[in-house]
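S.K.: Dumping the structure here so I can ask a few things about it.
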Amino acid sequence: MLKLGINIDHVATLREARYRGRDFGEPDPFAAAQVCEAAGAHGITAHLREDRRHIQDHDVWRLRETVQTRLNLEMTNTPELVDIALRLKPDIVCLVPERRQEITTEGGLDADGQWSALTDTRQRLNHAGIEVSLFIAPDLLQVEAAARIGAQFIELHTGAFAELFHSKRGRNEEIERLVAAAEMAHELKLRVNAGHGLNYENLPLLHVVPHLVELNIGHSIVSRAVFAGLGAAVTEMLALLRDYPAR
Ligand code: PXP
Numbered sequence: 048m049l050k051l052g053i054n055i056d057h058v059a060t061l062r063e064a065r066y067r068g069r070d071f072g073e074p075d076p077f078a079a080a081q082v083c084e085a086a087g088a089h090g091i092t093a094h095l096r097e098d099r100r101h102i103q104d105h106d107v108w109r110l111r112e113t114v115q116t117r118l119n120l121e122m123t124n125t126p127e128l129v130d131i132a133l134r135l136k137p138d139i140v141c142l143v144p145e146r147r148q149e150i151t152t153e154g155g156l157d158a159d160g161q162w163s164a165l166t167d168t169r170q171r172l173n174h175a176g177i178e179v180s181l182f183i184a185p186d187l188l189q190v191e192a193a194a195r196i197g198a199q200f201i202e203l204h205t206g207a208f209a210e211l212f213h214s215k216r217g218r219n220e221e222i223e224r225l226v227a228a229a230e231m232a233h234e235l236k237l238r239v240n241a242g243h244g245l246n247y248e249n250l251p252l253l254h255v256v257p258h259l260v261e262l263n264i265g266h267s268i269v270s271r272a273v274f275a276g277l278g279a280a281v282t283e284m285l286a287l288l289r290d291y292p293a294r
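What the sequence shown shows, in the working numbering, is residues 48 to 294, in sequence order.
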């Protein structure tokens, strides 16, 4: 069964837009994680970025205490974040590249170029009982490097597929790349996740990619939730207005 991990960063982005620097505020990513798990999600993903633009340190500690499924900590490979991960002990760490100017994680890791540093971090995390995933483009060189590094998982970056979805040729080429990368990863005994830019429209096409274990999806689910829940939120507020006493 293909599993669903939910990326709750987008809930924290909304909170930070209003409550940046405060130790309270809504919406609460922790409460979002609880709703996702109650709805059947198989895991919760949170990206602790170097610039802390959405998820904060206190969020990951609270998530660690409460997530009942699997906590996937996304982070870039820096000494500060590795130290946090070793203390936090998420179930799995997904190592991603990070650029300060980017809106979201735009490219995959250069696993081949950063082989030595990634191997060192992979070993340290594994020794602490934490599985390691590498977020890489569907590129055979990177898949082979991930196996050499000794990662347990790769997460195939589906961003290019999502971007090219409305071009039949472009999306078919990307699907071919994803299929080839997943097949090679499977042969090399890597387990295969995928994510980025997946939504209710493009997801069915991914069913042709073999060996997928879990998809990590955030933006489209949170976007859908706005409309799935907006009517109910307005109804609740109207009920409060109705209590206004007539004078
Ligand atoms: N996987 C990784 C490694 C990511 O960086 C992201 C984006 O935060 C996702 C999955 C989820 O992407 P999206 O929000 O586009 O569904």
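Backbone N, C-alpha and C fix where the C-beta goes; we use that ideal spot for every residue, glycine too.
1) Helix, strand or coil: which one does DSSP assign to V256?
2) Quick one: is D130 buried, meaning 16 or more other Cβ sit within 10 Å of its Cβ, or exposed?
3) Give me the Cβ distance between I91 and I53, rounded to the nearest whole Å; I'm assuming they're in contact under 8 Å.
4) Going by the C-beta, is V143 closer than 6 Å to any heavy atom of the ligand PXP?
5) Taking A85 as the reference, which of T116, E191, L110 has the closest Cα?
6) Which first and last residues belong to the beta strand (DSSP E) in which E121 is found?
7) Assign G65 to one of two classes, buried (16 or more other C-beta atoms within 10 Å of its C-beta) or exposed (fewer than that).
8) Apart from the five residues on each side of it in sequence, which residues of its chain come closer than 7 Å, Cβ to Cβ, to R238?
9) I want to check one thing, is the minimum distance from the CB of I264 to the heavy atoms of the ligand PXP below 6 Å?
10) Between which two residues does the alpha helix (DSSP H) harbouring L287 extend?
11) Compute the Euclidean distance between the alpha carbons of K215 and H266, then round it to the nearest angstrom.
12) Taking the alpha-carbon of L156 as reference, which of P137, D106, A88, P185 has the nearest alpha-carbon?
13) Rounded to the nearest angstrom, how far is the Cβ of D106 from that of F77, given a contact under 8 Å?
14) In the DSSP assignment, what residue or residues form a beta bridge with N54?
15) Less than 6 Å between the CB of H243 and some heavy atom of the ligand PXP, yes or no?
16) At which residues does the beta strand (DSSP E) containing L245 begin and terminate?
17) Comparing C-alpha positions only, which one of D138, P74, L61 sits nearest to R178?
18) Report whether the distance from the Cβ of N54 to the nearest heavy atom of the ligand PXP is below 6 Å.
19) What's the call for E149, buried or exposed, on a 16-neighbour Cβ count within 10 Å?
20) For V140, report the span of its beta strand (DSSP E) as first-last.
21) Is the closest heavy atom of the ligand PXP to the C-beta of F208 under 6 Å?
22) Counting C-beta neighbours from all protein chains within 10 Å, is the total for H213 16 or more, i.e. buried, or is it exposed?
23) Look at L187 and M231 and say whether their C-beta atoms are less than 7 Å apart.
24) What are the start and end residues of the alpha helix (DSSP H) that includes H105?
25) Taking the beta carbon of G176 as the centre, do at least 16 other beta carbons fall within 10 Å, making it buried, or is it exposed?
M.R.: Taking the coordinates as given:
1) Correct three-state label for V256: coil.
2) A residue is called buried once 16 or more other Cβ atoms fall within 10 Å of its Cβ, and D130, having fewer, is exposed.
3) The beta-carbon separation of I91 and I53, rounded to 6 Å, stays under the 8 Å limit for a contact.
4) The answer is yes for V143.
5) Closest by C-alpha distance to A85, out of T116, E191, L110, is T116.
6) Residues 118 to 122.
7) With the sequence shown as reference, residue 65 is identified as Arg, and Gly is not the correct amino acid for it. It is exposed - the Cβ of R65 has fewer than 16 other Cβ atoms within 10 Å.
8) Q199, F200, V260, listed in sequence order.
9) Checking every heavy atom of the ligand PXP against the Cβ of I264, one is found closer than 6 Å.
10) Residues 266 to 289.
11) CA-to-CA, the gap between K215 and H266 works out to about 23 Å.
12) Ranking the options by Cα distance to L156, first place goes to P185.
13) Indeed they touch by this definition, with Cβ atoms about 7 Å apart.
14) In DSSP, N54 forms a bridge with T92.
15) In this structure, the C-beta of H243 approaches the ligand PXP to less than 6 Å from one of its heavy atoms.
16) Run containing L245: none; DSSP gives neither H nor E here.
17) According to the sequence displayed, residue 178 carries Glu and not Arg. Nearest C-alpha to E178: D138.
18) Yes, the Cβ of N54 comes within 6 Å of a heavy atom of the ligand PXP.
19) E149 comes out exposed.
20) DSSP places V140 in the uninterrupted beta strand (DSSP E) bounded by 139 to 142.
21) Not so, every heavy atom of the ligand PXP lies at least 6 Å from the Cβ.
22) Residue environment: H213 is assigned as exposed (fewer than 16 neighbouring CB atoms within 10 Å of its CB, all protein chains considered).
23) Yes, the Cβ-Cβ distance between L187 and M231 is below 7 Å.
24) Per DSSP, H105 belongs to the alpha helix (DSSP H) from 104 to 113.
25) When all chains shown are included, G176 counts as exposed.
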